[in-house]
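Participant:
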Amino acid sequence: MTFNRGKKVEVSSKEEGFLDSYYPAVILSTIGKNEFLVQYMTLLTDDGSRPLREIVDATEVRPEPPELPETRFAILDRVDAYDRDGWWAGTVSGKNGLKYYVYFETSGEENVYPSAQLRVHQDWISSGEWI
């Protein structure tokens, strides 16, 4: 898929410890056929002075998912939790009042989030659709 300059996207990471996470970014330019220069909206350079810019493989870039207004989740629902500057895919494992326990398969961690920090998990497939 091609993305034009200025398009808001999400970038995944294949690095250990960051699997199943997506970070909001903006396309700055296309590099060749399979890479993009992106500027992250939530990640900063090591010295914290400016937004991080990085060349990423096209397979790590997807459009922003459509917003699905959902504030109530059930046990075993797949969700994305906003934490550590990005969206992390997990599964609702419990509920306590207005807070949800989310289990992250890749790390084995379970954390608690208010519904405002959760969204319905959606996968981007190669045919250009969200499921």
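When we follow the working numbering, the leftmost residue of the sequence shown carries the number -7, and every step to the right adds one.
Just so you know, even glycine gets a beta-carbon here, dropped at the ideal spot from N, CA and C.
No experiment lies behind these values; they were computed from the predicted model shown.
Between the beta-carbon of Val1 and the beta-carbon of Phe10, is there less than 8 Å?
Facilitator: No, they are not a contact pair.
Participant: Indicate whether at least one CB of chain C lies closer than 8 Å to the CB of Leu36.
Facilitator: Judged by its chain identifiers, the structure shown contains no chain C, having just a single protein chain.
Participant: Could you check if Ile123 is buried or exposed, using at least 16 other CB atoms within 10 Å of its CB as the buried criterion?
Facilitator: exposed
Participant: Taking the straight line between their C-alpha atoms, what separation do you get for Glu7 and Thr98?
Facilitator: Going by the C-alpha atoms only, they are around 12 Å apart.
Participant: Output needed for Gln109: all residues of its chain with C-beta closer than 8 Å, excluding positions within five of it in sequence on either side, in chain order.
Facilitator: Ala73, Tyr74 and Asp75
Participant: Does the distance from the C-beta atom of Glu52 to that of Ser21 stay below 8 Å?
Facilitator: Here Glu52 is not near Ser21, since their CB atoms are 8 Å or more apart.
Participant: Rounded to the nearest angstrom, what separates Arg42 and Leu36 at their Cα positions?
Facilitator: Approximately 6 Å, taken between the alpha carbons.
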